[in-house]
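Residue numbers (this note's numbering): 4 to 214.
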């Protein structure tokens, strides 16, 4: 016998969310493929995830595309600047590996610490760009870092999902290749949705202050 309450059951609601996360992850990955558009793609994905976290009506493909076009210019400029900073940190880290003694250790430690800050600023900054209007990307990145300090659980989720695989690639390649297909399937979308949900209390305060 057909159960007319099945669509409203916790299981079906959970599967709806899983399906939306999968679709959002697909959009995000496709938008990141040219690399130069990764910033716009992440901002657009956070825009959709923000609506999900707020309990607002959304359509994954439609809202992602709208946000991608709307925020493309600012998000892309911001992303390119952050890429340059990220490359400088990577060169600093590689230089530390090439040096011996305390100097090499200092370079590696500083590059790692600033790398965590860089990644946290990216997550918080693009989450803000996806939800609020900014005139300058650097302001969003600064506010994003403050946001991560205020909501460390959100920063931790973002750092784990986005930072673990690169670390594993350098330290444990076998485990990296084991987890990489699963991450491609749903990892990015999960990171963005979970981060948006954990940032929601802070966003509520911002939204209340704008009224």
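Beta carbons are placed, not taken as given, at the ideal position from N, Cα and C, and that holds for glycine.
Just so you know, the alpha carbons of residue 92 and residue 13 end up roughly 45 Å apart. Around the beta carbon of residue 55, a 10 Å sphere encloses 16 or more other beta carbons of the protein chains shown; the residue is thus reported as buried.
Judged by their CB atoms, residue 53 and residue 44 are not nearer to each other than the 8 Å cut-off. Note that the C-beta distance between residue 47 and residue 74 is below 8 Å. Measuring C-alpha to C-alpha distances from residue 194 to each of 113, 69, 157 identifies 157 as the nearest. Two segments are said to touch when three or more pairs of C-beta atoms, one from each, lie closer than 8 Å; by this definition the segment 113-124 touches the segment 160-173. Non-local C-beta neighbours of residue 95 in its own chain, meaning closer than 6 Å and more than five positions away in sequence, comprise 110, 114, ordered along the chain.
A Cβ-Cβ separation of about 19 Å leaves residue 146 out of contact with residue 159 under the 8 Å criterion.
Look at residue 40 here: in three-state DSSP terms it is coil, with no helix or strand label. Secondary structure at residue 135: coil, using DSSP grouped into helix, strand and coil. The segment 24-41 makes contact with the segment 177-197; the number of CB pairs closer than 8 Å reaches 3 or more.
Taking a C-beta distance under 8 Å as the contact criterion, residue 41 and residue 133 do not qualify as a contact pair.
Excluding five sequence positions before and after residue 124, the CB atoms of its chain that fall closer than 8 Å to its own CB belong to 85, 144, 145, 147, 148, 151, given in chain order.
If you check the CB distance, residue 126 and residue 161 come in under 8 Å. Leaving aside the five residues that flank residue 128 on each side, the residues in its chain whose CB is nearer than 6 Å to its CB run, in chain order, 143, 144, 147. Here residue 100 is near residue 107, since their CB atoms are less than 8 Å apart.
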